[in-house]
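Protein chains in written order, with my numbering: chain A, 115 to 479; chain B, 3 to 370.
Using N, Cα and C, we set each Cβ at its ideal position, and we do this for glycine too.
Worksheet for the structure shown next.
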Amino acid sequence: MEKEMTNNITKFQLFFIFIQSQIGVALLSLPHDVQKSAKGDGWLSTLIAGVAVQLMLIIYWQLLRRFPTLIYTEITQKILGVFLGKVLNLLIYLNFILVGGLATILFVKLVKLWLLPLTPSWIISLLILTSCVYLAISDLKIIARFFVLASSLILLLAVTSIFGWFTTKEIQYILPLGSSGLKNIIVGSQNSLLAMLGFEGLLFLFPFIIENKKGVFKTISMANLFITLFYTYFVFITVISFSSNQLAQMREPVLNLLRGMSYNMIDRVDLIFLSIWIVPMATSTISYLYFASKSVGAKKKQYPKVVLLNGLILFLITLIPHDDAIITLFNKYVSYLSYVVVFLIPTLLLILSILLKKNEMSEST
Amino acid sequence: MRKISLMILFIIPILLTGCWDQRLLVNRTLVNGISFDLTKEGKIAASVRALYIKSMGGGQFELFDELVKAERPTVAGLALDLDSKISGEIDASKAHVVIIGEELAKKGIHPFIEFFYRNRDSYISSKIVISKGKGKEILSVEKEKSPIAFVILQLLNSAEADTVIPKKNTFTVWNNILDPGKDMVLPYLERVESNKVEVAGVALFNGDIYTGTTLSKEKSGILLSMMNQLGKSNRMALILNPKSKRQSISFSIRDLRRDLEVKVDKDDQITCKIDLNMDIEVLSFPQDFKEPLNIEKLNQDLSDELTKQARGITSTLLKANCDALGIGQRISSFHHGLWKKIDWDKEYKNVEFVPKVNVNIIKTGNVF
Numbered sequence: 115m116e117k118e119m120t121n122n123i124t125k126f127q128l129f130f131i132f133i134q135s136q137i138g139v140a141l142l143s144l145p146h147d148v149q150k151s152a153k154g155d156g157w158l159s160t161l162i163a164g165v166a167v168q169l170m171l172i173i174y175w176q177l178l179r180r181f182p183t184l185i186y187t188e189i190t191q192k193i194l195g196v197f198l199g200k201v202l203n204l205l206i207y208l209n210f211i212l213v214g215g216l217a218t219i220l221f222v223k224l225v226k227l228w229l230l231p232l233t234p235s236w237i238i239s240l241l242i243l244t245s246c247v248y249l250a251i252s253d254l255k256i257i258a259r260f261f262v263l264a265s266s267l268i269l270l271l272a273v274t275s276i277f278g279w280f281t282t283k284e285i286q287y288i289l290p291l292g293s294s295g296l297k298n299i300i301v302g303s304q305n306s307l308l309a310m311l312g313f314e315g316l317l318f319l320f321p322f323i324i325e326n327k328k329g330v331f332k333t334i335s336m337a338n339l340f341i342t343l344f345y346t347y348f349v350f351i352t353v354i355s356f357s358s359n360q361l362a363q364m365r366e367p368v369l370n371l372l373r374g375m376s377y378n379m380i381d382r383v384d385l386i387f388l389s390i391w392i393v394p395m396a397t398s399t400i401s402y403l404y405f406a407s408k409s410v411g412a413k414k415k416q417y418p419k420v421v422l423l424n425g426l427i428l429f430l431i432t433l434i435p436h437d438d439a440i441i442t443l444f445n446k447y448v449s450y451l452s453y454v455v456v457f458l459i460p461t462l463l464l465i466l467s468i469l470l471k472k473n474e475m476s477e478s479t
Numbered sequence: 003m004r005k006i007s008l009m010i011l012f013i014i015p016i017l018l019t020g021c022w023d024q025r026l027l028v029n030r031t032l033v034n035g036i037s038f039d040l041t042k043e044g045k046i047a048a049s050v051r052a053l054y055i056k057s058m059g060g061g062q063f064e065l066f067d068e069l070v071k072a073e074r075p076t077v078a079g080l081a082l083d084l085d086s087k088i089s090g091e092i093d094a095s096k097a098h099v100v101i102i103g104e105e106l107a108k109k110g111i112h113p114f115i116e117f118f119y120r121n122r123d124s125y126i127s128s129k130i131v132i133s134k135g136k137g138k139e140i141l142s143v144e145k146e147k148s149p150i151a152f153v154i155l156q157l158l159n160s161a162e163a164d165t166v167i168p169k170k171n172t173f174t175v176w177n178n179i180l181d182p183g184k185d186m187v188l189p190y191l192e193r194v195e196s197n198k199v200e201v202a203g204v205a206l207f208n209g210d211i212y213t214g215t216t217l218s219k220e221k222s223g224i225l226l227s228m229m230n231q232l233g234k235s236n237r238m239a240l241i242l243n244p245k246s247k248r249q250s251i252s253f254s255i256r257d258l259r260r261d262l263e264v265k266v267d268k269d270d271q272i273t274c275k276i277d278l279n280m281d282i283e284v285l286s287f288p289q290d291f292k293e294p295l296n297i298e299k300l301n302q303d304l305s306d307e308l309t310k311q312a313r314g315i316t317s318t319l320l321k322a323n324c325d326a327l328g329i330g331q332r333i334s335s336f337h338h339g340l341w342k343k344i345d346w347d348k349e350y351k352n353v354e355f356v357p358k359v360n361v362n363i364i365k366t367g368n369v370f
């Protein structure tokens, strides 16, 4: 056991780690993604997605209570045995590195599209990943402190979004409620998966939480509630601003919403928003880098090297061409992998651990 | 060692700034007004006002602008042609006014809007206006001091504040074009007295196509009131009882309450009731000075006259097939079954409007 006191986080910090891991690049395009099927009911989709995440959190909580000092990759080995466990761990590692890679690609692509069109992508990705690796190498405690600090920016952005209310709004775009049909709304909430990912970090963080027996479930539920409402708010404000035809055209509706603003004092609010948004986007990459490195299960001494190596892998992933077609395909396969790693495996693990009556105290196989 | 490598790591990014994405003002030519027209051969002619900034030393700058023209069969490539005619890189990030000639607007304005919202750099709050005749005519007006685009911009801003024209920019036009349940009206400009530009009223649109129908600026204020878009100030002048005394009154609306009710009966006949309640302040009313002001009667006369005008406006809207009041949206929201069944573009003509204006004088200025 190598969990010293310096590596522990409080529940307060856990709340912000959750928020920072989940909120990232996907928010900006979220209204477009959910409206593809759900149209004006897109904001219901994000609410449903939030409920789905909450159900998953209950499963996580039941699983983790049985293994309070183990992380995800250790639980798999404990339940399934070393060999099968390691095979699953490879899948888990792949998921985190690929989701991290995808988030970084989207991040770089966004910065290139809106802010620095002429700068080569590899420079942007190198700069981002250098700072991410620098933080991910540190103790969890330091990462947590940074995330808490960076969360003040999210509040600032929520305030900035008030600018978005000054364009003409049509509440009628969301009426009649549920006109897209339940099926389309649920498909819409699936499309918002990438934006919701990050909560699976609990599987890695749980052993490090101080007094992890009590109150953790309340904390993560609150975090989930916050994120769901935050997303729903942004989807709602874009859905009542743009007709669904227009949303279908936009890559980043949230930025377009702010782009329409013009004042004597301030102009192009979208670029200001985006410049600040860089931090929440980077924290998502940091989280994934951290989870991927943790899932390798290296000894403490080798951990910095693992992070560096993973940083390099992320960098190599971001070098793939940023064509829309390639990224859509990449996104699709990563989503499938995420369904398995985030939803399917933990559920199976819980069922198995109940059937086999296994918990932390039982003998290691 | 570790510290040194960290130092290098921090210094390199600082040196990187400005390697690629720097755009110097000296290398760029700002465009502040753009016009699009249809030529006799069916080509598209674009004119821009390129603004040059010359430093006079001591923090003084001299501005002068130049009219540059280009012609192409389609909108694509016009920017390239213009760029090759202007010294320095063309920069439309502050194009305040986009003028579209009426002949071209009748063919649809979407291609000209699309260029602006797709482009990352361009200014999405440009005013979009339709011109009587050629847009170039307006853009080529020479003013001595200020570039013409700024003159037009100020003109539009004050007309917006006066509730003569709606607040429309690239962003909202984009929104309107893609919304099937709502049509827009755009400002309509006219060149008068050889070197003056005047706001002549509003041009009615069906989708992105100019219908060819306009409303004069006296009527556009009433239309905007019916659309519930009241500007900061709002002055209207009316002639009451045209037969008898030719009494005239001018007033401004202080408070406006609009009730728009869309009803669908069993035979899918759509009726739209618009109730406008205005609280107004009388600005001038050269009355018969021997008689005291009869507010009750004046309220009634004004209400009747405005109701009559509103009726005229709604029938013009129907004739032009311009759903400026967003009835389609109401149908889509509250009668979704019907909305899916009908072709709104055709069905709109059968809508019955019942406008009613209620005027209430709340202030009469310094005198009774």
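Three-state secondary structure (DSSP) of A:Y404: Working through the first sequence from its first residue, we reach residue 404 of chain A at position 290. Helix.
List the residues of chain B whose Cβ lies closer than 8 Å to the Cβ of A:G374, in chain order. Your numbering for residue 374 of chain A matches position 260 in the first sequence. Those within 8 Å of A:G374 in chain B are I126, S127, N171, F173 and T174.
Counting Cβ pairs, one atom from each stretch, are 3 or more of them under 8 Å apart for the stretch 182 to 196 of chain B and the stretch 250 to 258 of chain B? Flag = no, the stretch 182 to 196 of chain B and the stretch 250 to 258 of chain B do not touch.
May I ask you to list, following chain order, the residues of the stretch 36 to 52 of chain B that have a beta carbon less than 7 Å from some beta carbon of chain A? Result list empty, no residue passes.
How would you list, in chain order, the residues of chain A whose beta-carbon sits under 9 Å from the beta-carbon of B:F336? Here residue 336 of chain B refers to the residue found at position 334 when the second sequence is read from its first residue. Simply Q286, L289 and P290.
List the whole-angstrom C-beta distance separating B:A72 from B:D83, where the pair is believed to meet the contact cut-off of C-beta under 8 Å. By one-based count along the second sequence, residue 72 of chain B stands at place 70. By one-based count along the second sequence, residue 83 of chain B stands at place 81. The pair is a contact, with the Cβ atoms about 4 Å apart (cut-off 8 Å).
Cβ closer than 8 Å: which chain B residues qualify as neighbours of A:W228? Sequence index remark: in the first sequence, residue 228 of chain A carries index 114 (1-based). Ordered by position in chain B, the residues that pass the 8 Å Cβ test against A:W228 are R122.
Which value, in whole angstroms, describes the spacing of the CA atoms of B:V359 and B:D306? For the purposes of this step, residue 359 of chain B is taken as the residue at position 357 of the second sequence. For the purposes of this step, residue 306 of chain B is taken as the residue at position 304 of the second sequence. Cα atoms of B:V359 and B:D306: separation of roughly 7 Å, rounded to the nearest angstrom.
Note the first and the last residue of the continuous beta strand (DSSP E) segment covering B:A205. Against the second sequence, residue 205 of chain B aligns to sequence position 203. K198 to N208 is the extent of the beta strand (DSSP E) around B:A205.
Just how far apart, CA to CA, sit A:K415 and B:K5? Here the question's residue 415 of chain A lines up with position 301 in the first sequence. Here the question's residue 5 of chain B lines up with position 3 in the second sequence. In a straight line, the C-alpha of A:K415 is about 20 Å away from that of B:K5.
Measure from the C-beta of B:D325 to each C-beta in chain A and report whether the shortest distance is under 9 Å. Position 323 of the second sequence, counted from the first residue, corresponds to residue 325 of chain B. It does not; no Cβ of chain A falls within 9 Å.
Between A:I189 and chain B, is there a C-beta pair that is closer than 9 Å? On the first sequence, position 75 is the one that residue 189 of chain A refers to. Interface residue (Cβ-Cβ distance to chain B less than 9 Å): A:I189 is not classified as such.
Classify A:K408: buried if its beta carbon has 16 or more other beta carbons within 10 angstroms, exposed otherwise. For the purposes of this step, residue 408 of chain A is taken as the residue at position 294 of the first sequence. Its Cβ being crowded by 16 or more others within 10 Å, A:K408 is buried.
At the 9 Å Cβ level, is A:Q304 part of the contact set with chain B, yes or no? Numbered from its first residue, the first sequence carries residue 304 of chain A at position 190. Residue-level contact check: A:Q304 does not touch chain B, since none of the beta carbons of chain B fall below 9 Å from its beta carbon.
For a contact defined as C-beta to C-beta under 8 Å, what are the partners of B:D347 on chain A? On the second sequence, position 345 is the one that residue 347 of chain B refers to. Simply none; closest approach about 15 Å.
By the 10 Å Cβ neighbour count, where 16 or more other Cβ atoms means buried, how is B:K45 classified, buried or exposed? If you number the second sequence from 1, residue 45 of chain B lands on position 43. A residue is called buried once 16 or more other Cβ atoms fall within 10 Å of its Cβ, and B:K45, having fewer, is exposed.
Whole alpha helix (DSSP H) elements within the stretch 183 to 268 of chain A, 4-residue minimum: You should have 186 to 194, 196 to 224 and 235 to 250.
Through-space distance from B:I55 to B:Q62, alpha-carbon basis: The residue labelled residue 62 of chain B in the question sits at position 60 within the second sequence. The residue labelled residue 55 of chain B in the question sits at position 53 within the second sequence. Roughly 10 Å between the two C-alpha positions.
By the criterion of Cβ-Cβ separation under 9 Å, what are the contact partners of B:D23 in chain A? Residue mapping note: residue 23 of chain B aligns to position 21 of the second sequence, counting from 1. Contacts between B:D23 and chain A, judged by CB atoms closer than 9 Å, involve L229, L230, P231, L232 and T233 in chain order.
Alpha-carbon spacing of B:T318 relative to A:I300, whole angstroms: Here residue 318 of chain B is taken as the residue at index 316 of the second sequence, counted from 1. Here residue 300 of chain A is taken as the residue at index 186 of the first sequence, counted from 1. About 44 Å.
Endpoints, the alpha helix (DSSP H) within which B:I297 is located: Locating residue 297 of chain B in the second sequence gives position 295, counting from the first residue. Taken as a continuous stretch (DSSP letters only), the alpha helix (DSSP H) holding B:I297 covers I297 to A322.
Measuring only between beta-carbons, confirm whether B:R392 sits less than 9 Å from chain A. Nothing can be reported for residue 392 of chain B: it is not among the residues displayed for chain B, which extend from 3 to 370.
With three or more C-beta pairs closer than 8 Å as the rule, is the stretch 438 to 447 of chain A touching the stretch 272 to 284 of chain A? Three or more beta-carbon pairs separated by less than 8 Å are not found between the stretch 272 to 284 of chain A and the stretch 438 to 447 of chain A, which leaves the two stretches without contact.
Distance between A:T244 and A:K472 (C-alpha atoms, nearest Å): The sequence position of residue 472 of chain A within the first sequence is 358, counting from 1. The sequence position of residue 244 of chain A within the first sequence is 130, counting from 1. Here the C-alpha atom of A:K472 lies approximately 41 Å from the C-alpha atom of A:T244.
Just checking: is the beta-carbon of A:K255 within a distance shorter than 9 Å of some beta-carbon in chain B? Translated into the one-based positions of the first sequence, residue 255 of chain A becomes position 141. Taking a beta-carbon distance threshold of 9 Å, A:K255 does not count as an interface residue toward chain B.
Would you please verify whether the beta carbon of B:R332 is less than 9 Å from any beta carbon of chain A? Stepping through the second sequence from its first residue, residue 332 of chain B is reached at position 330. B:R332 has a beta carbon lying within less than 9 Å of a beta carbon in chain A.
What residues from the stretch 373 to 398 of chain A come within 7 Å of chain B, judged by C-beta to C-beta, listed N to C? Shown in chain order are the members of the stretch 373 to 398 of chain A whose Cβ falls below 7 Å from a Cβ of chain B: R373, G374 and S376.
Would you call the stretch 246 to 264 of chain A and the stretch 127 to 135 of chain A touching, i.e. three or more CB-CB distances under 8 Å? The stretch 246 to 264 of chain A, when compared against the stretch 127 to 135 of chain A, does touch it at the 8 Å Cβ threshold.
If I follow the unbroken beta strand (DSSP E) through B:I111, where does it start and stop? For this step, residue 111 of chain B is matched to residue 109 along the second sequence. Unbroken run through B:I111: none, as it is neither H nor E.
Close-in-space but distant-in-sequence residues of the same chain around B:E144 (CB under 8 Å, 5 per side omitted): Residue mapping note: residue 144 of chain B aligns to position 142 of the second sequence, counting from 1. Cβ neighbours of B:E144 beyond the five flanking positions: I150 and N197.
Between the C-alpha atoms of A:E116 and A:I334, what's the straight-line distance to the nearest angstrom? By one-based count along the first sequence, residue 116 of chain A stands at place 2. By one-based count along the first sequence, residue 334 of chain A stands at place 220. Low per-residue confidence applies at A:E116: pLDDT is 45, beneath 50, and the placement is therefore not dependable, though the value from the model is reported in the following sentence. Cα to Cα, A:E116 sits roughly 25 Å from A:I334.
Anything in chain B within Cβ reach of A:T218, meaning under 8 Å, just list it in chain order. Against the first sequence, residue 218 of chain A aligns to sequence position 104. Those do not exist, as A:T218 stays about 17 Å from chain B at its closest Cβ, beyond 8 Å.
Which residues in the same chain have their Cβ closer than 6 Å to the Cβ of A:L462, if we skip the five residues on either side of it in sequence? Position 348 of the first sequence, counting from 1, holds the residue named residue 462 of chain A. Nothing listed; no residue qualifies.
Check whether the stretch 361 to 370 of chain B and the stretch 328 to 338 of chain B touch, using three or more Cβ-Cβ pairs below 8 Å as the test. The count of Cβ pairs closer than 8 Å, one atom from the stretch 361 to 370 of chain B and one from the stretch 328 to 338 of chain B, stays below three, leaving the stretches out of contact.
Contacting residues, own chain, Cβ-Cβ under 7 Å from B:T213 (five flanking each side not counted): The residue you call residue 213 of chain B lines up with position 211 of the second sequence. Cβ within range, chain order: L206, F207, A322, N323 and C324.
What residue range is occupied by the uninterrupted beta strand (DSSP E) comprising A:G315? As a first step, residue 315 of chain A must be located in the first sequence, where it is residue number 201. A:G315 -> no beta strand (DSSP E), and no H or E assigned at all.
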